[in-house]
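Heads up: take any position in the sequence shown, counting from 1, add 18, and you land on the numbering used here.
Structure, as structure tokens:
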Amino acid sequence: MQIDVLLEHIGTLYTLEGEKRPRSKEALKAKGVRDGVVAVFDGQIIYGGAYPLPEEIQASENTQRVDCTDKVVTPGLIDAHTHLVHGGSREKELAMKIAGADYLEIYNAGLGIYSTQKATREADFQSLYDKARKSLDVMLAHGTTTVEAKSGYGIWDFQTEIKQMQVAHQLNANHPVDVVSTFMGAHAMPAKYKENPDEFIRILTEEMMPFVKEERLAEFVDVFCEEGVFDIEQSRRILTAAKELGFGLKIHADEIVSLGGAQLAAKLPTLSAEHLIAASDKGIQDMAKAGVIACLLPGTSFNLGKGKYAKARQMVEQGVSIALCTDYNPGSCPTENLQLIMTFAALYYRLLPEEILTAVTYNAACAIGRQEKIGSLEKGKEADLILWDAPNLDYIPYHFGVNHVERVWKKGKEVWRKAE
Ligand SMILES: [Zn+2]
């Protein structure tokens with residue numbers, strides 16, 4: 019068998035080989051192999067493991083050889099929760115935040131999520147596309163090779179929702195980073211339906227969702243289940259309708275108030291539940307039993323600056339499988355950099371680097387239903403690879419705020435390289 023690309027003499031290789039289901043407890047810890055080698059042919063992994071190569075695999079003069087001495091190789095990172103496509107940015111709010119303004123004061127000044135909705139509605143397809151493409155470039159440079167992207171800044175304005183999802187689609191087709199699309203029309207309760215939420219839920223489930231399915235604009239449906247947004251019963255109705263239409267399910271649960279979103283996620287069950295800062299002990303237990311993946315977003319907690327973090331350590335001890343994601347959005351977490359999120363997870367969640375790595379690769383692949391294709395460097399999987407200019411895994415979250423990625427391959431093709 020031939021080889022297109024051969025990464026050899028790898029200081030430490032993390033293949034993420036292991037249990038074929040979302041991982042927790044001891045299984046969450048990725049294991050490193052010294053003197054590793056990865057062979058790629060036709061965009062796929064044909065071998066990943068300790069040296070030497072199996073006999074039937076041979077390098078030829080056409081093989082591109084990459085010396086990885088004293089460096090780390092891992093699968094490409096997967097960011098399973100972002101609001102990638104949106105208009106505008108909100109740096110104007112920073113000075114207000116510094117001065118102590120709360121969410122409501124910011125909102126009443128015409129800023130906050132209102133300004134993102136307005137900017138997204140007013141932006142044409144091309145400017146939304148160009149802005150999101152730039153963000154994808156930044157993500158790729160920091161090692162992200164697959165990203166989930168939610169709509170949700172149009173809400174009652176369905177055309178804006180459609181525009182967001184079409185941009186995600188187009189980027190998926192044109193950019194090296196794969197983009198997985200989620201419909202989040204249930205991101206906020208529109209003011210004009212405040213008195214009649216049932217009517218909005220009817221439009222959402224009977225008009226918008228069937229159209230999104232028909233046009234294949236999204237694979238998943240996500241709901242913001244929170245006090246003052248969609249309550250437990252409304253969230254259940256929306257997600258049950260989504261399930262019947264064949265969507266995968268996600269839920270923003272127990273972010274601010276312990277409403278019982280985690281229990282609802284376990285009952286349905288959803289594939290993943292997001293945020294979970296206020297999740298109850300019972301909710302955590304139920305999620306562990308039901309196998310719901312917790313998509314945790316420590317960058318959002320960090321940026322909100324209130325010191326409130328999800329109980330990630332407890333979740334792991336109790337058997338919840340976790341993924342770590344940026345939540346990239348212009349308000350609560352304006353960063354594309356998943357490496358920084360890895361640092362936050364170490365410092366604020368007290369997760370170990372080998373646990374964090376699984377949470378941004380294999381488990382994140384599970385959270386978007388892609389674990390058969392990506393998330394580990396096993397035979398037959400897509401060759402999404404990172405060569406890290408780092409002497410060991412711990413170094414990556416430890417030495418924070420800078421980019422440690424040296425080279426990135428997507429489906430076997432080199433798509434990014436650090437300037438010499
Ligand atoms: Zn979010």
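Built from N, CA and C at the ideal position, the CB exists for glycine as well.
query, result
"Cβ-heavy atom distance between HIS270 and ligand 1 below 7 Å?", "yes"
"Could you please give me the residues that DSSP links to GLY50 through a beta bridge?", "TYR32"
"Applying the criterion that 16 or more other CB atoms from any shown protein chain within 10 Å of the CB defines a buried residue, is MET19 buried or exposed?", "exposed"
"Extract the residue ranges of the beta strand (DSSP E) inside the segment 135-203, only unbroken runs of 3 or more that lie entirely within it.", "162-168"
"What did DSSP end up calling LEU362 once you bin it into helix, strand or coil?", "Sequence inspection shows Phe at residue 362; the Leu mentioned does not correspond to that position. Reduced to three states, the DSSP call for PHE362 is helix."
"Measuring alpha carbon to alpha carbon, tell me which of ASN80, ASP60, VAL55 ends up nearest PRO17.", "No statement about residue 17 is possible, as the shown extent of the chain runs from 19 to 438 and does not include it."
"Which parts of the segment 35-115 are runs of the beta strand (DSSP E), unbroken and 3 residues or longer, counting only runs that do not cross its ends?", "50-59, 62-68, 82-85, 90-93, 95-97"
"DSSP puts ASN347 in a beta bridge; with which residues?", "CYS351"
"Just to check my reading of the structure: GLY448 and ILE131 have Cβ atoms closer than 8 Å, yes? What is that Cβ distance to the nearest angstrom?", "Absent from the structure is residue 448, since the part of the chain shown begins at 19 and ends at 438."
"Go through its chain and collect everything with a Cβ distance to ILE256's Cβ below 8 Å, but skip five positions before and after it.", "ALA204, ILE219, LEU222, THR223, VAL239, VAL241, PHE248"
"Counting contacts by CB-CB distance shorter than 8 Å, is MET360 in contact with chain C?", "No chain C is present in this structure, which holds just one protein chain."
"What's the C-alpha gap between LEU267 and ALA77?", "44 Å"
"With three or more C-beta pairs closer than 8 Å as the rule, is the segment 228-237 touching the segment 175-184?", "yes"
"Report the CB separation of THR100 from THR344 in whole angstroms; it is logged as a contact under 8 Å.", "6 Å"
"In the segment 214-253, which residue ranges form an unbroken alpha helix (DSSP H) of at least 4 residues, counting only runs that do not cross its ends?", "215-220, 227-232"
"State the Cα-Cα distance for the pair LYS451 and GLU26, rounded to the nearest angstrom.", "Look at the range of the chain in this structure, 19 to 438, and you will see that residue 451 is not part of it."
"Taking the continuous alpha helix (DSSP H) assigned at GLU373, which residues delimit it?", "371-377"
"Are the CB atoms of PHE320 and PHE362 within a distance shorter than 8 Å?", "yes"
"Where does LYS285 sit, in a helix, a strand or coil, going by DSSP?", "helix"
"Give the DSSP bridge partners of CYS384, in chain order.", "Paired residue(s): none; CYS384 is not in a bridge."
"Could you please give me the residues that DSSP links to ARG425 through a beta bridge?", "LEU405, ARG435"
"May I ask you to report which of helix, strand or coil DSSP gives GLU123?", "helix"
"Going by CA-CA distance only, name the one from ALA291, ILE340, CYS384, THR258 that's closest to GLU244.", "ALA291"
"Assign GLY266 to one of three DSSP states: helix, strand, or coil.", "strand"
"With SER290 as the anchor, note down where its beta strand (DSSP E) starts and where it stops.", "290-293"
"Can you grab the Cα-Cα spacing for the pair MET114 / TYR380, in whole Å?", "39 Å"
"Do you know how far the Cα of ASP304 is from the Cα of ASP60?", "42 Å"
"Quick check: is any heavy atom of ligand 1 less than 7 Å from the C-beta of ASN321?", "no"
"Please name the residue, chosen from THR33, MET157, GLN332, ALA306, that lies closest to GLU5 on a Cα-to-Cα basis.", "As displayed, the chain neither begins before 19 nor continues past 438, which places residue 5 out of reach and without an answer."
"Should the segment 325-345 be called in touch with the segment 368-387, which here means at least 3 C-beta pairs below 8 Å?", "yes"
"GLY66 to ARG254, Cα distance in whole Å?", "43 Å"
"Should HIS104 be listed as close to ligand 1, given that the test is whether its C-beta is under 7 Å from any heavy atom?", "no"
"Is the CB-CB distance between ALA68 and LEU375 below 8 Å?", "no"
"Can you round the beta-carbon distance between LEU411 and THR30 to whole angstroms, since I take them to be within the 8 Å contact cut?", "7 Å"
"Here's a check: name, in chain order, each residue in its chain whose Cβ is nearer than 8 Å to the Cβ of ILE274, leaving out the five neighbours to either side.", "GLU244, GLU245, ILE295, ALA296"
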